[in-house]
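In the working numbering, the protein residues as written are 1 to 187.
Reading through the structure tokens given below for one structure.
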Amino acid sequence: DNKGRILWIDSVFEDVSERRKLEEQLAQAQKMEAIGTLAGGVAHDFNNILTAIIGYGNLLKPRIKPPNPASGYVDDILAADARRREIIAEVEELRRQRNDSSKQIGQWMGSLKKLEADRARAEGATAEALTTQLNSLQFNVDTAKDETRQLGERIAALEEELRTVEATLAERMLWVPNLPHPSVPDG
């Protein structure tokens, strides 16, 4: 009024809790992707080292035969390598599936933001229709995130199994008794 007193206050509130939740989930997915990339790089480097070990195992196989006790170690090394290869193939397939899911989630997140903006501008029946679409899309995002999380858990379990197999390989290479060098001729 003319005396400087406040007679009323207009304000607008917007609930951004869902948006913040989605942003946090996206940030978490990006962190997991970065960790997966780092782990993949480490696994690749370790795989290069194991390739040499397996190569020596393949060279030794025809030279060390039973009753030499080392023949069992060579067999163990080669069997562990076969399992390692199976695990790596499965991890790569699961990572591909997770990447596909992450891309889909990203597309849905863009659609969610657009629908939220459209709903904020709409009125009446249009807003209700957009809300229905928004809820359906949110359900799809949540389902895909759950599937992606499950894929991540399976990848983690396989990577743990892979570390165990790789440790077994390394242990077998370190403890093979009386192992001749591959360059030593037979006889």
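Positions of the beta carbon are idealized from the N, C-alpha and C atoms, including for glycine.
- Counting every other CB atom within 10 Å of its CB across the protein chains shown gives A80 a total of 16 or more, marking it as buried.
- For the pair E161 and I64, the CB atoms are not nearer than the 7 angstroms cut-off.
- Here S102 is buried. Its C-beta has 16 or more other C-beta atoms within 10 Å.
- If you draw a 10 Å sphere on the C-beta of L38, you find fewer than 16 other C-beta atoms in it, and that means exposed.
- S71 is the residue among P66, H44, N2, S71 whose C-alpha sits nearest the C-alpha of Y56.
- In the displayed model, F13 falls within coil according to three-state DSSP, outside both helix and strand.
- Looking only at E159, Q30, L50, T126, the smallest Cα-Cα distance to K145 is reached by Q30.
- Between the beta-carbon of L112 and that of V141 there is about 7 angstroms, and that keeps the pair under the 8 angstroms contact cut.
- With a cut-off of 8 angstroms on Cβ pairs, the segment 42-49 is not in contact with the segment 128-143, counting fewer than three such pairs.
- Non-local beta-carbon contacts of L169 in its own chain, meaning distances under 8 angstroms to residues more than five positions away in sequence, involve L50, I53, I54, I77, A80, D81, R84 in chain order.
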